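The structure appears right after this line, and notes come after that.
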Amino acid sequence: MTPPRAGSRSGRTPATTPRLDVDALLADRHTRIIVCCGAGGVGKTTTAAALGLRAAEQGRHVVVLTIDPARRLAQSMGLTELDNQPRPVTGIDLGAGGSLDAMMLDMKRTFDDVVLAHSTPEKAAQILANPFYEAVSSSFAGTQEYMAMEKLGQLRAEADAEGTWDLIVVDTPPSRSALDFLDAPTRLGSFLDGRFIRLLTAPAKAGGRAYLRVFNAGINLVSSTMSKVLGGDMLRDVQTFVMALDTMFGGFRERADQTYALLKQDSTAFLVVAAPERDALREASFFVDRLEVDGMPLSGLVINRIQQVAAPGLSAARARAAAEQRADEGDVLTAGLLTVHASVAETAERQRHLVGRFFAGHPKTPVVEVPALAEDVHDIDGLRLVGAALAGPVS
Amino acid sequence: MASAPALPWARARLHVVTGKGGTGKTTVAAALALALAAGGKRVLLVEVEGRQGISQTFDVAPLATIEVRIAHASGGGEVLGLSVDAKAALLEYLQIFYKLGRAGGVLERFGAIDFATTIAPGVRDVLLIGKVYEANRRRRDGRRSNPVEGEMVYDAIVLDAPPTGRVVRFLSVNEEVAGLAKMGPIHSQAASITEMLRNGQSIVHVVTLLEDMPVQETVDAIAALETAGLPVGAVVINQVREPVLPARELKAAAKGSIDRDAVRLGLEGARLKVTDTLVDGLALEARDHAQRVALEAEQLTVVEALGLPTFRLPSLSDGVDAAAVRELADLLTEQGMVP
Chain B
1285 MTPPRAGSRS GRTPATTPRL DVDALLADRH TRIIVCCGAG GVGKTTTAAA LGLRAAEQGR
1345 HVVVLTIDPA RRLAQSMGLT ELDNQPRPVT GIDLGAGGSL DAMMLDMKRT FDDVVLAHST
1405 PEKAAQILAN PFYEAVSSSF AGTQEYMAME KLGQLRAEAD AEGTWDLIVV DTPPSRSALD
1465 FLDAPTRLGS FLDGRFIRLL TAPAKAGGRA YLRVFNAGIN LVSSTMSKVL GGDMLRDVQT
1525 FVMALDTMFG GFRERADQTY ALLKQDSTAF LVVAAPERDA LREASFFVDR LEVDGMPLSG
1585 LVINRIQQVA APGLSAARAR AAAEQRADEG DVLTAGLLTV HASVAETAER QRHLVGRFFA
1645 GHPKTPVVEV PALAEDVHDI DGLRLVGAAL AGPVS
Chain W
973 MASAPALPWA RARLHVVTGK GGTGKTTVAA ALALALAAGG KRVLLVEVEG RQGISQTFDV
1033 APLATIEVRI AHASGGGEVL GLSVDAKAAL LEYLQIFYKL GRAGGVLERF GAIDFATTIA
1093 PGVRDVLLIG KVYEANRRRR DGRRSNPVEG EMVYDAIVLD APPTGRVVRF LSVNEEVAGL
1153 AKMGPIHSQA ASITEMLRNG QSIVHVVTLL EDMPVQETVD AIAALETAGL PVGAVVINQV
1213 REPVLPAREL KAAAKGSIDR DAVRLGLEGA RLKVTDTLVD GLALEARDHA QRVALEAEQL
1273 TVVEALGLPT FRLPSLSDGV DAAAVRELAD LLTEQGMVP
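In structure tokens, the structure reads:
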């Protein structure tokens, strides 16, 4: 694990909580991959894009891999077509000698490429035409995660071979749970190596041996039940599909393991992204623990959309009382301003409480808090602002 | 705001609630379930992604694959909760329709259950919604049939569905399994589910915030739902911040030109210690507030242009707990979302 980087202490977080120094992370040439993960709707993609832009404007050669960006955000980076290739982002400051490319993952296309690259043309055609492949490649629950990993592996190989990029920033898929992302490659791998798949492909090979007789009775029961439930056609399609993929199994497993190993290296930095809300922080907490258990290099937590209080000297309760008093006097202006302040301060207090609980559970995790912006981000300037906020106030 | 007496979903038994991640769709689904249960009704609230969002919202023990009561509604009604799990649903399904004693266990041991519920994507969704379908047809006398008023175990079902990005695929089970299962029980189950989703018994509500991205996703999702032939009901606008400044003051605040002297006097009148920092801070917060109000107004016109009934729920600065959900349920009832 990357040791927490020392940095200036934010006045907002408890003195014991180390501050995540984003600029030091980006400037460190040793950092080759940054993975942004977290629950859906917390600003993961925006964070990834903002980090990529900031690194590029500080002189690094960056590619940002996004999974499912909101339309405006995609447009802000010039990502108007889904061609599964990194494209240069225009409108950025190249003064420091850096560069920025961005791409959107097309999971079906990535899967197709894998099939084409790892099988004979005839076999590839057979796989691509299988109705089961169609379903698996476009909607299997783990496919997106797996293909994101596959693409990350490809980008890294390209970066190493051609020196195109020295930093890859990757956004993770909007999974049901943030943890799916880490499990999916293994799940797909173990599925393909799984017992049932071997059953489907095995009957031809397994005949003869005595101890297999019981096993075969089981196979028949399983096959006949599956036929009943799924329909015979489907089972046949699956069988053909699996047979066709057979030669690629080893490859799948191997690359899933390689990518996993790549993520474990200390040149990778995991950033867990959260919003100051109960569910998002709970998810972040699980993720931080999980990364630790798996020995993944966690750099820290980014908490987006922290409510800023511009008049911190006045408590919510006092503001409410004063607002009521002004309203009684018919002073709508002051009453209004005090009411605005009261709800701002209440929101901030609630967030502080929620974030405080996270700190208590993870006192050693470096954290950076990003203030809530008044507007959504939909251009390079907006991303630049987010990047500056991620780097924190100049100390 | 919807005030017409006859809602398009007045006869709906299944309410599907979706929304972009972070918009509070689970909270809205929970509030809707409570509102529907008021006055002695029995409502089932279902989640399908195993996130335990419902149990956390109501602060009860984690939900399992059996239905348990999670809340009493006003006037004697009750809400039951269920977290549907594809594996359990498949085993139950096999049990009900094939009376598989031993085979269920064998299938499980051979990894066939895992296989059917994970690799074949449409099949998984058929199983998940299939459980809702089954609950919808369950009668008090223990049999199953098309819903008959007064005879059914549940008066209504609320489904906390996957987020907007995935909901159309989730509900379009027929298309999803068409290429895979051309016949057999999965195929016919998918057809029955599609019938239930389209024949007026079901309605899809979308939850949004008045922010750029959630509104954009709402617009996209509604178009996609309509293309898929799925009936769309209401847009529930969550976390609405009502403007607390009158129009004229709001305008001044947006321009940063509020009458500071008047504010100073006002604060003194409230016996607060008046400093420049305080006045500047309040002005800054008021400006942010005005900007957000303007942004929300802009997004509201986009939502209203959809021409669907809209319902508004306030932003709760204390966060969401079981009591807050009741409050939201009452607001939905008052606004007429529930017949």
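Chains B and W supply the protein sequences, listed in that same order. Residue 1285 is where the first sequence starts when you use this note's numbering, and the numbers rise one by one after that. Residue 973 is where the second sequence starts when you use this note's numbering, and the numbers rise one by one after that. Here a beta-carbon is modelled for each residue, glycine too, at the ideal position from N, C-alpha and C. Note that this is a predicted model, so its numbers are computed, not measured.
Handout entry: Sub-8 Å separation of P980/W and G1279/W beta-carbons
Key = Numbered from its first residue, the second sequence carries residue 980/W at position 8. Numbered from its first residue, the second sequence carries residue 1279/W at position 307. Taking 8 Å as the Cβ cut-off, P980/W and G1279/W do not qualify as a contacting pair.
Problem - Nearest-angstrom beta carbon gap, L1451/B and R1316/B [assumed within contact, 8 Å] - result: Residue mapping note: residue 1316/B aligns to position 32 of the first sequence, counting from 1. Residue mapping note: residue 1451/B aligns to position 167 of the first sequence, counting from 1. With 8 Å as the limit, R1316/B and L1451/B qualify as a contact, their Cβ atoms being about 6 Å apart.
Exercise for the section: Figure out for me which residue from S1360/B, P1647/B, Q1609/B has the closest Cα to the Cα of M1388/B. Expected result: On the first sequence, position 104 is the one that residue 1388/B refers to. Minimum Cα distance to M1388/B is reached at S1360/B.
Practice task
Return yes when at least one heavy atom of the ligand MN lies under 7 Å from the C-beta of A1540/B, else no.
Solution key: Because no ligand of any kind appears in the structure shown, any question about the ligand MN cannot be addressed here.
Handout entry: Reduced DSSP secondary structure (H/G/I, E/B, other) of T1631/B
Key = In the first sequence, residue 1631/B corresponds to position 347, counting from 1. Residue state, collapsed to three classes: helix.
Practice task
Would you list the residues sitting across from A1128/W in a DSSP beta bridge?
Solution key: For this step, residue 1128/W is matched to residue 156 along the second sequence. Note: A1128/W sits in a beta bridge opposite V1015/W.
Handout entry: Rounded C-alpha distance that separates A1632/B from R1264/W
Key = Residue 1632/B sits at position 348 when you count from the first residue of the first sequence. Residue 1264/W sits at position 292 when you count from the first residue of the second sequence. Answer to the nearest angstrom: the Cα atoms are 17 Å apart.
Exercise for the section: State the Cα-Cα distance for the pair G991/W and V1130/W, rounded to the nearest angstrom. Expected result: As a working note, residue 991/W is residue 19 in the second sequence. As a working note, residue 1130/W is residue 158 in the second sequence. Each residue's Cα considered, the two are about 14 Å apart.
Handout entry: Alpha-carbon spacing of A1606/B relative to A1594/B, whole angstroms
Key = Translated into the one-based positions of the first sequence, residue 1606/B becomes position 322. Translated into the one-based positions of the first sequence, residue 1594/B becomes position 310. Their backbone Cα atoms lie some 18 Å apart in a straight line.
Handout entry: Contacts around L1303/W, its chain only, beta-carbon distance under 7 Å, and the 5 residues preceding and following it disregarded
Key = As a working mapping, residue 1303/W is identified with position 331 in the second sequence. Within the same chain, L1303/W has close Cβ partners L1285.
Practice task
Name, please, each residue of chain B whose Cβ falls closer than 8 Å to the Cβ of P1286/W.
Solution key: Counting from 1 along the second sequence, the entry for residue 1286/W is found at position 314. Residues of chain B passing the Cβ test: none, with the nearest at roughly 11 Å.
Handout entry: Residues, ordered as in the chain, of the stretch 1108-1142 of chain W that lie near chain B by beta-carbon distance below 7 Å
Key = P1135, G1137, R1141
Handout entry: Pairwise C-alpha distance: M1431/B and V1522/B
Key = Within the first sequence, numbered from 1, the residue matching residue 1522/B stands at position 238. Within the first sequence, numbered from 1, the residue matching residue 1431/B stands at position 147. V1522/B and M1431/B: Cα-Cα distance of roughly 21 Å.
Problem - Inter-residue spacing [alpha-carbon to alpha-carbon] between P1255/B and Q1428/B - result: Given a span of 1285 to 1679 for chain B in the structure shown, any question on residue 1255/B remains unanswerable.
Practice task
Report yes if the C-beta distance between D1660/B and D1184/W is below 8 Å; otherwise report no.
Solution key: Taking the first residue of the first sequence as 1, we reach residue 1660/B at position 376. Taking the first residue of the second sequence as 1, we reach residue 1184/W at position 212. Taking 8 Å as the Cβ cut-off, D1660/B and D1184/W qualify as a contacting pair.
Problem - Residue from A1200/W, D1097/W, D1127/W with nearest C-alpha to R1110/W - result: By one-based count along the second sequence, residue 1110/W stands at place 138. The candidate whose alpha carbon is nearest that of R1110/W is D1127/W.
Practice task
Label A1225/W either buried or exposed according to how many other C-beta atoms from any shown protein chain fall within 10 Å of its C-beta, with 16 as the threshold for buried.
Solution key: Reading the second sequence from its first residue, position 253 is the one you call residue 1225/W. Burial call: buried.
Practice task
Indicate the three-state DSSP secondary structure (helix, strand or coil) for E1148/W in the structure shown.
Solution key: Taking the first residue of the second sequence as 1, we reach residue 1148/W at position 176. Note: E1148/W maps to helix in three-state DSSP.
Problem - Ordered list of beta strand (DSSP E) runs contained in the stretch 1334-1418 of chain B, each at least 3 residues - result: 1345-1350, 1383-1388
Practice task
Just mark N1414/B as buried or exposed, buried being the case when its beta carbon has 16 or more other beta carbons within 10 Å.
Solution key: Residue 1414/B sits at position 130 when you count from the first residue of the first sequence. Buried.
Exercise for the section: Report the rounded CA-to-CA distance for R1634/B versus E1257/W, giving the unit in angstroms. Expected result: Taking the first sequence and counting its residues from 1, one reaches residue 1634/B at position 350. Taking the second sequence and counting its residues from 1, one reaches residue 1257/W at position 285. Near 17 Å, if we compare the C-alpha coordinates of E1257/W and R1634/B.
Problem - Sequence-distant residues of the same chain with beta carbon closer than 7 Å to S1144/W, five excluded per side - result: Looking up residue 1144/W in the second sequence gives position 172. The answer, listed in chain order, is A1200.
Handout entry: Buried or exposed by the 16-neighbour rule on C-beta atoms within 10 Å, applied to L1066/W
Key = The residue you call residue 1066/W lines up with position 94 of the second sequence. With 16 or more Cβ atoms within 10 Å of its Cβ, L1066/W is classed as buried.
Practice task
Give me the Cα-Cα distance between M1580/B and G1447/B, rounded to the nearest whole angstrom.
Solution key: The sequence position of residue 1580/B within the first sequence is 296, counting from 1. The sequence position of residue 1447/B within the first sequence is 163, counting from 1. Each residue's alpha carbon lies about 25 Å from the other.
Practice task
Just mark Q1271/W as buried or exposed, buried being the case when its beta carbon has 16 or more other beta carbons within 10 Å.
Solution key: Residue 1271/W sits at position 299 when you count from the first residue of the second sequence. Buried, by the Cβ-count rule.
Exercise for the section: Would you kindly work out how many angstroms separate the C-alpha atoms of L1169/W and A1644/B, rounded to a whole number? Expected result: Start at 1 with the first residue of the second sequence, and residue 1169/W comes out as number 197. Start at 1 with the first residue of the first sequence, and residue 1644/B comes out as number 360. Distance between the alpha carbons of L1169/W and A1644/B: 46 Å.
Handout entry: Backbone CA spacing between A1003/W and A1043/W [nearest angstrom]
Key = By one-based count along the second sequence, residue 1003/W stands at place 31. By one-based count along the second sequence, residue 1043/W stands at place 71. Distance between the alpha carbons of A1003/W and A1043/W is about 11 Å.
Practice task
Pick helix, strand or coil for N1504/B, following the three-state DSSP scheme.
Solution key: To locate residue 1504/B, count along the first sequence from 1; it is residue 220. Helix at N1504/B.
Practice task
Please work out which residues of its chain come closer than 6 Å, Cβ to Cβ, to V1399/B, disregarding the five sequence neighbours upstream and downstream, and give them in chain order.
Solution key: Taking the first residue of the first sequence as position 1, residue 1399/B is located at position 115. Cβ neighbours of V1399/B beyond the five flanking positions: A1408, I1411.
Problem - Whole runs of the alpha helix (DSSP H) within the stretch 1539-1581 of chain B, excluding any shorter than 4 residues - result: 1562-1577
Problem - Neighbour flag for E1613/B against chain W, beta carbons, 8 Å - result: The count along the first sequence starts at 1 and reaches residue 1613/B at position 329. So, interface residue.
Handout entry: Contacting residues, own chain, Cβ-Cβ under 6 Å from V1020/W (five flanking each side not counted)
Key = What you label residue 1020/W is simply residue 48 of the second sequence in a count that begins at 1. Around V1020/W: V1056, L1100.
Handout entry: Delimiting residues of the alpha helix (DSSP H) encompassing P1655/B
Key = One-based indexing of the first sequence puts residue 1655/B at position 371. It is not in any alpha helix (DSSP H) - P1655/B instead sits in the beta strand (DSSP E) that spans 1651-1655.
Practice task
Could you tell me how far apart the beta carbons of G1671/B and L1337/B are, in whole angstroms, since I believe they sit closer than 8 Å?
Solution key: To locate residue 1671/B, count along the first sequence from 1; it is residue 387. To locate residue 1337/B, count along the first sequence from 1; it is residue 53. Confirmed, Cβ separation roughly 6 Å.
Exercise for the section: Could you tell me which uninterrupted alpha helix (DSSP H) segments, each at least 4 residues in length, are contained entirely in the stretch 995-1041 of chain W, listed from first to last along the chain? Expected result: 997-1009, 1025-1030
Exercise for the section: List the residues of chain W whose Cβ lies closer than 9 Å to the Cβ of Q1609/B, in chain order. Expected result: Residue 1609/B sits at position 325 when you count from the first residue of the first sequence. Correct list: G1241, A1242, R1243.
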